[in-house]
Amino acid sequence: MSVSVTQISVPSESGGTFFLKVDWVDDLGAGFTVALCDGESAWMGEVSEEEVEQEAQELEMRKESYVKEVQQALTGAVRSGGDYAFQLSPENRARCLTYEKVQRDISFRLGSVELLPCPEPDRVIKELISYGLQQSRELRAQNQTLLEQNHRLCGEQDRISTELERYVQGKESLETELYTRFVLVLNQKKAKIHQLQERLRLLQEQQQERGVRGATVAQSAALEEADSGDSTDEETQNIALSQVSTVLVRDVTSQSSQDIDLSDIPDVAPNRKRRWRHLHGPGSEVAECSRDPRQSGRKDPAHGKAQTNQDTAQESADVATPSTKTDRLFEDF
Numbered sequence: 054m055s056v057s058v059t060q061i062s063v064p065s066e067s068g069g070t071f072f073l074k075v076d077w078v079d080d081l082g083a084g085f086t087v088a089l090c091d092g093e094s095a096w097m098g099e100v101s102e103e104e105v106e107q108e109a110q111e112l113e114m115r116k117e118s119y120v121k122e123v124q125q126a127l128t129g130a131v132r133s134g135g136d137y138a139f140q141l142s143p144e145n146r147a148r149c150l151t152y153e154k155v156q157r158d159i160s161f162r163l164g165s166v167e168l169l170p171c172p173e174p175d176r177v178i179k180e181l182i183s184y185g186l187q188q189s190r191e192l193r194a195q196n197q198t199l200l201e202q203n204h205r206l207c208g209e210q211d212r213i214s215t216e217l218e219r220y221v222q223g224k225e226s227l228e229t230e231l232y233t234r235f236v237l238v239l240n241q242k243k244a245k246i247h248q249l250q251e252r253l254r255l256l257q258e259q260q261q262e263r264g265v266r267g268a269t270v271a272q273s274a275a276l277e278e279a280d281s282g283d284s285t286d287e288e289t290q291n292i293a294l295s296q297v298s299t300v301l302v303r304d305v306t307s308q309s310s311q312d313i314d315l316s317d318i319p320d321v322a323p324n325r326k327r328r329w330r331h332l333h334g335p336g337s338e339v340a341e342c343s344r345d346p347r348q349s350g351r352k353d354p355a356h357g358k359a360q361t362n363q364d365t366a367q368e369s370a371d372v373a374t375p376s377t378k379t380d381r382l383f384e385d386f
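Residue 386, in my numbering, is where the sequence shown stops; the numbers in between run on with no holes.
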């Protein structure tokens with residue numbers, strides 16, 4: 054069973070202040086009892102469930118909404134959307150308590166209850182006092198509980214604030230340390246990257262220098278090889294010409310020593326041609342064979358020059374041999 058005690062004001066009465074006690078079982082829609090006391094006298098009344106439904110129908114309201122409005126008016130609950138006013142009929146054997154809702158200077162009647170004088174007003178006053186004391190004890194206990202919870206929460210707040218400060222300091226120190234390490238690692242990485250870039254640049258320069266040097270060496274080797282080939286050809290031609298001149302001089306000398314008449318000397322042009330073919334016979338084959346190793350050994354210029362000198366000496370020996378045969382030919386003539 055639920056009980057509610059509230060203080061109301063009745064402007065039509067001289068004292069104006071009354072205490073209203075309301076009792077109900079489930080909700081006010083199932084009916085409730087009312088006790089009104091001014092501190093000296095008491096009145097009691099009852100509202101049935103049928104009367105509640107009738108009042109709701111007269112106001113054209115749903116029962117739930119009507120019960121909610123009546124509960125706010127009689128129990129002093131949280132009031133929203135307006136205030137509530139009470140009217141009490143003049144003092145007779147029976148009095149009527151009317152409760153109204155006031156909204157924007159407009160009031161409309163919510164309901165009323167008929168009150169009868171209580172034969173034992175002291176009992177009603179005692180019940181009101183007991184209810185007030187009980188509510189006071191409950192509120193005091195609730196207040197004490199709230200104070201203890203508040204004290205505990207304040208202690209928790211202080212502890213959490215202290216830990217939070219410690220965590221903040223630890224966080225700041227950790228951030229500083231991590232930032233210092235990060236900067237150190239970053240500088241090391243930058244230095245390493247700079248070193249690698251410098252090494253890469255040096256390697257690229259060395260590679261370029263090696264390429265240029267290799268191209269220069271190849272070009273020099275080609276030039277030396279070309280020069281050695283030209284000089285070898287010139288030396289061979291000079292040696293051949295000198296040998297021919299020597300043969301001709303020897304022919305003239307042998308002719309003058311034997312006092313041979315020029316008219317008796319046969320035409321030596323065929324002999325010269327034969328001798329020239331003899332010179333370019335076995336000796337020339339040896340010379341050509343000796344040139345092939347020189348061409349195959351172009352990578353070694355010194356070996357090529359030595360081979361060239363050897364070929365030249367061989368050709369000189371070959372030329373000297375035919376000159377003896379030529380002398381014998383002239384002796385036959």
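We treat Cβ as the ideally placed atom computed from N, Cα and C, and that holds for glycine.
State yes or no: is the C-beta of residue i within less than 8 Å of the C-beta of residue j?
{"i": "Phe72", "j": "Leu181", "result": "yes"}
{"i": "Ala95", "j": "Cys171", "result": "yes"}
{"i": "Ala88", "j": "Val177", "result": "yes"}
{"i": "Asp76", "j": "Val100", "result": "no"}
{"i": "Met54", "j": "Val78", "result": "yes"}
Report whether the distance from the Cβ of residue i to the nearest heavy atom of the ligand ATP is below 7 Å.
{"i": "Ser183", "result": "Absence of the ligand ATP is noted for the structure shown, with no ligands found whatsoever."}
Measuring straight from C-alpha to C-alpha, what distance separates residue i and residue j?
{"i": "Ser65", "j": "Gln188", "result": "30 Å"}
{"i": "Glu117", "j": "Gln202", "result": "37 Å"}
{"i": "Asn196", "j": "Arg190", "result": "9 Å"}
{"i": "Glu113", "j": "Tyr119", "result": "9 Å"}
{"i": "Val265", "j": "Ala274", "result": "14 Å"}
{"i": "Pro143", "j": "Glu93", "result": "17 Å"}
{"i": "Leu199", "j": "Arg193", "result": "10 Å"}
{"i": "Glu277", "j": "Ala271", "result": "10 Å"}
{"i": "Leu253", "j": "Arg263", "result": "15 Å"}
{"i": "Val58", "j": "Lys179", "result": "13 Å"}
{"i": "Arg219", "j": "Leu227", "result": "12 Å"}
{"i": "Arg212", "j": "Arg205", "result": "10 Å"}
{"i": "Ile318", "j": "Ala279", "result": "Confidence at Ile318 is low in this model, with a pLDDT of 45, below 50, so its placement is unreliable and the value that follows should be read with caution. Approximately 46 Å, taken between the alpha carbons."}
{"i": "Pro346", "j": "Gly267", "result": "Low local confidence applies: a pLDDT of 39 at Pro346 is under 50, so the model's placement there is unreliable, and no value is given."}
{"i": "Gly68", "j": "Ser183", "result": "23 Å"}
{"i": "Leu237", "j": "Gln210", "result": "40 Å"}
{"i": "Asp158", "j": "Val123", "result": "19 Å"}
{"i": "Asp91", "j": "Gly82", "result": "27 Å"}
{"i": "Gln259", "j": "Ala244", "result": "22 Å"}
{"i": "Phe139", "j": "Ala126", "result": "9 Å"}
{"i": "Gln261", "j": "Gly223", "result": "56 Å"}
{"i": "Thr229", "j": "Lys242", "result": "20 Å"}
{"i": "Thr233", "j": "Leu239", "result": "10 Å"}
{"i": "Arg115", "j": "Asp80", "result": "15 Å"}
{"i": "Leu256", "j": "Leu217", "result": "57 Å"}
{"i": "Gln248", "j": "Phe235", "result": "20 Å"}
{"i": "Thr215", "j": "Glu225", "result": "15 Å"}
{"i": "Phe161", "j": "Asn145", "result": "25 Å"}
{"i": "Thr70", "j": "Lys121", "result": "24 Å"}
Which two residues bound the contiguous alpha helix (DSSP H) that contains residue i?
{"i": "Ser160", "result": "Where Ser160 is concerned, there is no enclosing alpha helix (DSSP H), although the beta strand (DSSP E) it sits in stretches over Ile159 to Pro170."}
{"i": "Leu73", "result": "Segment Thr70 to Trp77 is the beta strand (DSSP E) holding Leu73; no alpha helix (DSSP H) there."}
On the DSSP letters alone, give me the boundaries of the beta strand (DSSP E) that residue i sits inside.
{"i": "Ser55", "result": "Ser55 to Ser62"}
{"i": "Leu150", "result": "Arg148 to Gln156"}
{"i": "Val87", "result": "Phe85 to Cys90"}
{"i": "Leu112", "result": "Run containing Leu112: none; DSSP gives neither H nor E here."}
{"i": "Gly98", "result": "Ala95 to Val100"}
{"i": "Asp136", "result": "Asp136 to Leu141"}
The region 140 to 152 / the region 161 to 172 touching (three or more Cβ pairs under 8 Å): yes
Inter-stretch contact (C-beta, 8 Å, three-pair minimum) for the region 98 to 107 and the region 55 to 69: no
Runs of beta strand (DSSP E) lying entirely within the region 230 to 284, each at least 3 residues, in chain order: none
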